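Protein chains: 2
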Amino acid sequence: MSDKASGAHTPTPAPRGQAGDEVLVFDTTLRDGEQSPGATLNIDEKLEIARALARLGVNIIEAGFPIASPGDFEAVRRIALEVGQSEDSPTIAGLARANKADIDRAWEAVKPARHPRIHTFIATSDIHLQHKLRISREECLKRTREMVAYACGLAALDGRSGCGDVEFSPEDAGRSDPEFLYQVLAAAIEAGASTLNIPDTVGYTTPAEFGALIAGIRANVPGADRVVISAHCHDDLGLATANTLAAVQAGARQVEVTINGIGERAGNTSLEEVVMALHTRPHVYNAHTTIDTTQIARISRLVSAYTGIPVQPNKAIVGANAFAHEAGIHQDGMLKNPLTYEIMQPETIGITESKLVLGKHSGRHAFQTKLTELGYELSPDDLNRTFERFKALCDKKKIVSDPDIEAIVNDEVYQPVELWRLQHLQVSCGTGLLPTATVRLRGPDGIVREDAALGTGPVDAIYKAINRIVQAPNVLTEFSITAVTEGIDAVGEVTIRVEPTGGNGAHEGDLSLTQVGMRQRTYSGHGAETDIIVASAKAYMSALNKMLTAKIESQQVAERTAMAAK
Amino acid sequence: MSDKASGAHTPTPAPRGQAGDEVLVFDTTLRDGEQSPGATLNIDEKLEIARALARLGVNIIEAGFPIASPGDFEAVRRIALEVGQSEDSPTIAGLARANKADIDRAWEAVKPARHPRIHTFIATSDIHLQHKLRISREECLKRTREMVAYACGLAALDGRSGCGDVEFSPEDAGRSDPEFLYQVLAAAIEAGASTLNIPDTVGYTTPAEFGALIAGIRANVPGADRVVISAHCHDDLGLATANTLAAVQAGARQVEVTINGIGERAGNTSLEEVVMALHTRPHVYNAHTTIDTTQIARISRLVSAYTGIPVQPNKAIVGANAFAHEAGIHQDGMLKNPLTYEIMQPETIGITESKLVLGKHSGRHAFQTKLTELGYELSPDDLNRTFERFKALCDKKKIVSDPDIEAIVNDEVYQPVELWRLQHLQVSCGTGLLPTATVRLRGPDGIVREDAALGTGPVDAIYKAINRIVQAPNVLTEFSITAVTEGIDAVGEVTIRVEPTGGNGAHEGDLSLTQVGMRQRTYSGHGAETDIIVASAKAYMSALNKMLTAKIESQQVAERTAMAAK
Numbered sequence: 024m025s026d027k028a029s030g031a032h033t034p035t036p037a038p039r040g041q042a043g044d045e046v047l048v049f050d051t052t053l054r055d056g057e058q059s060p061g062a063t064l065n066i067d068e069k070l071e072i073a074r075a076l077a078r079l080g081v082n083i084i085e086a087g088f089p090i091a092s093p094g095d096f097e098a099v100r101r102i103a104l105e106v107g108q109s110e111d112s113p114t115i116a117g118l119a120r121a122n123k124a125d126i127d128r129a130w131e132a133v134k135p136a137r138h139p140r141i142h143t144f145i146a147t148s149d150i151h152l153q154h155k156l157r158i159s160r161e162e163c164l165k166r167t168r169e170m171v172a173y174a175c176g177l178a179a180l181d182g183r184s185g186c187g188d189v190e191f192s193p194e195d196a197g198r199s200d201p202e203f204l205y206q207v208l209a210a211a212i213e214a215g216a217s218t219l220n221i222p223d224t225v226g227y228t229t230p231a232e233f234g235a236l237i238a239g240i241r242a243n244v245p246g247a248d249r250v251v252i253s254a255h256c257h258d259d260l261g262l263a264t265a266n267t268l269a270a271v272q273a274g275a276r277q278v279e280v281t282i283n284g285i286g287e288r289a290g291n292t293s294l295e296e297v298v299m300a301l302h303t304r305p306h307v308y309n310a311h312t313t314i315d316t317t318q319i320a321r322i323s324r325l326v327s328a329y330t331g332i333p334v335q336p337n338k339a340i341v342g343a344n345a346f347a348h349e350a351g352i353h354q355d356g357m358l359k360n361p362l363t364y365e366i367m368q369p370e371t372i373g374i375t376e377s378k379l380v381l382g383k384h385s386g387r388h389a390f391q392t393k394l395t396e397l398g399y400e401l402s403p404d405d406l407n408r409t410f411e412r413f414k415a416l417c418d419k420k421k422i423v424s425d426p427d428i429e430a431i432v433n434d435e436v437y438q439p440v441e442l443w444r445l446q447h448l449q450v451s452c453g454t455g456l457l458p459t460a461t462v463r464l465r466g467p468d469g470i471v472r473e474d475a476a477l478g479t480g481p482v483d484a485i486y487k488a489i490n491r492i493v494q495a496p497n498v499l500t501e502f503s504i505t506a507v508t509e510g511i512d513a514v515g516e517v518t519i520r521v522e523p524t525g526g527n528g529a530h531e532g533d534l535s536l537t538q539v540g541m542r543q544r545t546y547s548g549h550g551a552e553t554d555i556i557v558a559s560a561k562a563y564m565s566a567l568n569k570m571l572t573a574k575i576e577s578q579q580v581a582e583r584t585a586m587a588a589k
Numbered sequence: 024m025s026d027k028a029s030g031a032h033t034p035t036p037a038p039r040g041q042a043g044d045e046v047l048v049f050d051t052t053l054r055d056g057e058q059s060p061g062a063t064l065n066i067d068e069k070l071e072i073a074r075a076l077a078r079l080g081v082n083i084i085e086a087g088f089p090i091a092s093p094g095d096f097e098a099v100r101r102i103a104l105e106v107g108q109s110e111d112s113p114t115i116a117g118l119a120r121a122n123k124a125d126i127d128r129a130w131e132a133v134k135p136a137r138h139p140r141i142h143t144f145i146a147t148s149d150i151h152l153q154h155k156l157r158i159s160r161e162e163c164l165k166r167t168r169e170m171v172a173y174a175c176g177l178a179a180l181d182g183r184s185g186c187g188d189v190e191f192s193p194e195d196a197g198r199s200d201p202e203f204l205y206q207v208l209a210a211a212i213e214a215g216a217s218t219l220n221i222p223d224t225v226g227y228t229t230p231a232e233f234g235a236l237i238a239g240i241r242a243n244v245p246g247a248d249r250v251v252i253s254a255h256c257h258d259d260l261g262l263a264t265a266n267t268l269a270a271v272q273a274g275a276r277q278v279e280v281t282i283n284g285i286g287e288r289a290g291n292t293s294l295e296e297v298v299m300a301l302h303t304r305p306h307v308y309n310a311h312t313t314i315d316t317t318q319i320a321r322i323s324r325l326v327s328a329y330t331g332i333p334v335q336p337n338k339a340i341v342g343a344n345a346f347a348h349e350a351g352i353h354q355d356g357m358l359k360n361p362l363t364y365e366i367m368q369p370e371t372i373g374i375t376e377s378k379l380v381l382g383k384h385s386g387r388h389a390f391q392t393k394l395t396e397l398g399y400e401l402s403p404d405d406l407n408r409t410f411e412r413f414k415a416l417c418d419k420k421k422i423v424s425d426p427d428i429e430a431i432v433n434d435e436v437y438q439p440v441e442l443w444r445l446q447h448l449q450v451s452c453g454t455g456l457l458p459t460a461t462v463r464l465r466g467p468d469g470i471v472r473e474d475a476a477l478g479t480g481p482v483d484a485i486y487k488a489i490n491r492i493v494q495a496p497n498v499l500t501e502f503s504i505t506a507v508t509e510g511i512d513a514v515g516e517v518t519i520r521v522e523p524t525g526g527n528g529a530h531e532g533d534l535s536l537t538q539v540g541m542r543q544r545t546y547s548g549h550g551a552e553t554d555i556i557v558a559s560a561k562a563y564m565s566a567l568n569k570m571l572t573a574k575i576e577s578q579q580v581a582e583r584t585a586m587a588a589k
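Residue numbers (our numbering), protein chains in the order written: chain A, 24 to 589; chain B, 24 to 589.
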């Protein structure tokens with residue numbers, strides 16, 4: 024990243040070191056992406072994704088919406104502390120509505136970062152002003168001016184020099200009266216905002232319209248040349264990438280994107296599509312990013328595994344088939360001259376034929392080398408446990424592939440605290456048989472309990488037997504299994520999602536879900552084993568443990584916050 | 024469809040009944056879509072999808088590439104016979120390279136349709152001419168002229184009046200020298216082509232470039248105003264929808280699309296995205312289609328089930344979350360005024376809250392009514408078998424949802440010929456146990472065989488036990504399970520894909536795979552049961568039966584073809 028020239032210490036509200044043709048990448052996977060139904064991530068998962076985003080080279084990480092819940096606050100704060108500390112770390116942003124309570128909370132969360140940013144927003148379309156906020160245009164303009172200034176001033180209050188890094192978004196800009204929009208944006212600049220982000224909140228605009236909106240803002244808003252204009256698009260009509268690129272052509276120099284294009288409804292603009300379009304067509308867009316494209320494939324898999332949101336095979340750039348003609352090249356003479364069909368090389372996004380294939384005879388050193396190659400840095404403890412799992416897998420499979428190893432690491436290392444532990448499982452089922460499961464669990468109190476249950480299938484039987492012991496009411500909202508690699512002896516990766524029932528959903532201390540438009544929390548669990556029945560049991564234990572831990576964590580964070588406020 | 028005004032009987036090569044602002048929808052799910060790795064469909068599945076496409080209201084169905092294999096030929100012929108017979112049936116198209124053998128074969132396959140079309144193509148970019156075809160520009164021009172004229176003349180030879188309906192595509196048009204491209208297109212028009220299709224073969228162009236390409240053709244090709252200009256885009260950079268819409272704005276009046284955007288690499292343009300963009304923004308595009316949008320959600324599920332290609336939750340229009348704010352509306356006061364966030368209603372694409380919920384006490388009449396509501400027309404036999412499955416499911420689940428019923432119908436009705444039948448299965452597994460499966464199968468000879476095997480997991484054990492009996496060497500290339508509905512008692516849908524090994528892949532009579540750029544055939548299997556282990560066994564039996572039947576069918580078709588040629 025070329026962010027040496029300026030920085031958080033610059034006395035005027037200028038964006039961090041951006042050359043004329045550099046497009047800043049603002050990743051909102053952890054904020055807008057995490058608002059996808061069921062994508063709830065825990066703090067450790069968010070930290071791991073934030074680290075991967077830093078390796079990818081994004082310029083800004085929007086880490087969350089701190090006022091939404093104590094858990095959200097804590098995640099943003101820890102990302103600021105653990106991923107945002109060095110001079111070339113990404114800027115860490117927190118979202119806030121245009122009011123003091125939200126902005127204070129966002130600042131508390133992001134201020135430990137070397138480059139903190141407050142991102143504040145207010146709707147500017149008449150339809151939102153009338154139906155949602157119930158305020159006049161004058162009131163909207165006043166709040167914008169006051170709250171942007173307030174956000175900018177917080178840095179100085181904390182003894183930092185200059186005005187803070189503040190981004191302002193007029194929500195539903197696409198349907199706002201342009202003249203009023205210009206007024207609001209001019210007020211935000213005057214009050215100190217250094218980035219103006221223009222959202223197509225409902226994914227309704229076309230590339231020509233969105234490009235014209237950006238051009239109109241640049242031409243008509245006093246001071247627009249002193250700030251970064253940013254595009255934030257949604258993919259409801261399949262046009263998010265095209266709209267974002269149209270904005271870049273019209274002069275936008277920040278793009279708000281998510282990995283795999285996750286997000287509410289049809290999702291946000293995909294980071295990988297915008298980055299690779301700019302990369303592949305430099306002479307059309309005359310713009311570039313500082314993204315390390317070779318990290319794209321890996322972070323795509325990581326985000327998919329943690330959020331439990333699969334990537335379809337025909338997804339541009341990161342789908343399993345996106346470069347499929349490569350795999351088929353040997354059967355396919357016609358494709359032998361890559362110039363005829365290939366516009367991107369798989370290596371560019373980090374899909375490489377591994378030179379180091381592991382198997383039965385691979386020792387700890389080879390295993391560790393492979394982990395480093397895959398971008399993991401494990402603690403000695405985690406390395407030991409992962410290596411044991413690897414050796415056990417080698418007994419079952421001749422060749423252990425990279426995705427197998429990624430599945431083991433994700434399964435072994437990033438698991439929630441084990442309040443309840445599965446000690447033993449046995450299952451019998453078949454046609455004409457009653458599927459039956461027997462389980463033995465060790466509880467948080469150290470006591471071992473056993474039970475058995477019938478079910479409509481083996482997984483149902485297991486979950487019912489576990490429920491008899493654990494007694495944490497929930498409903499299973501998703502269940503899926505995929506083989507990690509080809510071949511029937513492959514590792515099967517089970518992803519499930521449960522939603523607590525009986526008042527366990529919204530934890531105390533959370534901002535009312537209604538207010539911020541968020542849904543009931545759900546908890547994902549994953550398990551990876553060559554035995555999909557055992558993997559299903561593990562996935563359920565991991566989701567249950569996550570759900571039970573979240574309740575405890577949420578209470579602890581709330582207590583700590585209350586203490587700090589005294 | 025407004026196709027009454029003209030038709031195949033028109034003496035001049037005019038497109039079927041198209042008003043100035045009507046965009047014809049040319050669906051290539053069965054041709055370009057089926058070229059997705061692993062998407063191989065059998066003839067019955069292709070017929071079922073073709074019927075659904077006709078109900079959806081597409082104007083042209085590209086049913087296959089008849090010369091590629093006897094199976095492909097047969098599928099196109101049967102779709103022509105069974106889906107293309109009435110005056111308002113879709114046009115049935117078959118693909119052919121620009122040579123007599125291909126064109127003859129395509130015409131044989133499509134001519135039983137009321138409205139047949141030959142779609143012939145030749146590359147026009149220098150890179151393709153030099154490296155792939157190894158011919159000069161002059162030769163390319165000559166072949167275009169001769170082969171289009173030849174294709175047009177076939178209709179007359181068969182006693183039809185007028186010139187046949189012929190579509191011509193210059194492959195890799197986007198990288199062709201514009202002046203040469205204009206010459207080739209003018210020659211195609213002169214020779215009788217009524218549709219000129221412009222492909223962005225490698226998914227490289229931007230909306231502005233592709234729109235300009237179409238506008239350039241309309242301005243510079245003599246006779247362009249007498250033919251339909253068509254757009255065929257690929258999604259490698261995530262721009263297929265935007266490029267296709269740019270073409271429509273530049274005057275293209277046919278769009279080549281696939282359901283769910285399936286296709287090679289990142290896939291083709293999505294039918295649902297283009298149709299809904301035109302539908303949602305009529306004043307921007309000033310164009311419309313005759314698609315019945317309420318069929319979109321259903322056909323999306325059908326194509327996903329048959330091809331085994333999942334749709335990601337954040338896919339525009341047809342993803343599970345695309346309308347997710349609808350589901351969350353009760354927890355989400357902010358969304359109560361739909362005007363603030365909703366640009367499309369879920370009902371428009373056929374997502375409806377069913378009024379008719381089935382369960383234990385539902386009789387045959389209610390079940391049949393539900394099937395009709397879902398768009399199925401089953402034979403009495405199929406109805407009986409499906410009803411039995413439904414009653415069995417009711418014993419296990421309180422509420423049987425629409426997706427449950429769709430899973431049963433797909434599982435029960437559209438299964439391959441059962442050469443081998445699973446009679447009994449029993450499995451035991453767990454932690455510290457050796458997963459063991461026992462199977463009993465009835466063979467094509469009526470003899471019952473039993474065997475058992477150990478495996479790395481229960482599915483591996485089952486497949487190994489079955490392999491001991493069936494002895495059809497194959498490798499499992501994909502394995503996935505998803506719960507059809509929420510709740511742990513849900514039906515689990517297993518999709519697998521196998522690839523024959525040991526010389527079973529390309530059947531005799533197939534055009535060399537290399538020549539047409541196709542891959543080794545793979546066979547998908549699906550099984551739906553509340554017991555995922557039983558469902559996995561069924562899925563494997565269905566894939567094996569498909570693989571074994573394909574070999575037999577292929578031999579039979581080849582014999583029949585050889586007979587007909589005498």
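Quick reminder that beta carbons are idealized off the backbone N, C-alpha and C, glycines included. Since this is a predicted model, take the numbers as computed values, not measurements.
Neighbourhood of I575 (chain A) in chain B, by CB distance below 7 Å: empty, with the nearest CB roughly 23 Å away. Between I115 (chain B) and I126 (chain B), the beta carbon gap of about 15 Å keeps them out of contact (Cβ cut-off 8 Å). A residue is called buried once 16 or more other Cβ atoms fall within 10 Å of its Cβ, and V440 (chain A), having fewer, is exposed.
Scanning chain A for C-beta atoms nearer than 8 Å to the C-beta of Q449 (chain B) yields S451, C452, G453, T454 and L456, reported in chain order. Residue pairing by DSSP places T459 (chain A) opposite A:S451 and A:L477 in a beta bridge. DSSP places Q272 (chain A) in no beta strand (DSSP E) but in the uninterrupted alpha helix (DSSP H) bounded by A263 to Q272.
Within chain A, the residues G261 have their CB atoms less than 7 Å from the CB of S293 (chain B), given in chain order.
Within chain A, not a single residue places a beta-carbon under 8 Å from that of P369 (chain B); the smallest gap is close to 11 Å.
The bridge partners DSSP lists for Y546 (chain B) are B:V521.
Using a CB distance cut-off of 7 Å, Q494 (chain B) does not count as an interface residue toward chain A. With 16 or more neighbouring CB atoms inside 10 Å of its own CB, M564 (chain A) falls in the buried class. In terms of Cβ geometry, P230 (chain A) and A269 (chain A) form a close pair [threshold 7 Å]. Between I340 (chain A) and E295 (chain A) the beta-carbon gap is near 4 Å, inside 8 Å, which marks them as a contact. Excluding five sequence positions before and after A300 (chain A), the CB atoms of its chain that fall closer than 8 Å to its own CB belong to T264, L268 and Y308, given in chain order.
E190 (chain B) and H142 (chain B) have their alpha carbons spaced roughly 5 Å apart.
S547 (chain B) has its alpha-carbon roughly 24 Å from the corresponding atom of L397 (chain B). DSSP links A116 (chain A) through a beta bridge to A:E85 and A:R140. Secondary structure at G515 (chain B): strand, using DSSP grouped into helix, strand and coil. In the DSSP assignment, L219 (chain A) falls within the unbroken beta strand (DSSP E) covering T218 to D223.
Distances from the alpha-carbon of E131 (chain A) to those of A:L456, A:G117 and A:T52 put A:G117 closest. Close CB contacts of A174 (chain B) within its chain, under the 6 Å cut and outside five residues either way in sequence, are with I126, I141, T143 and V189 (chain order).
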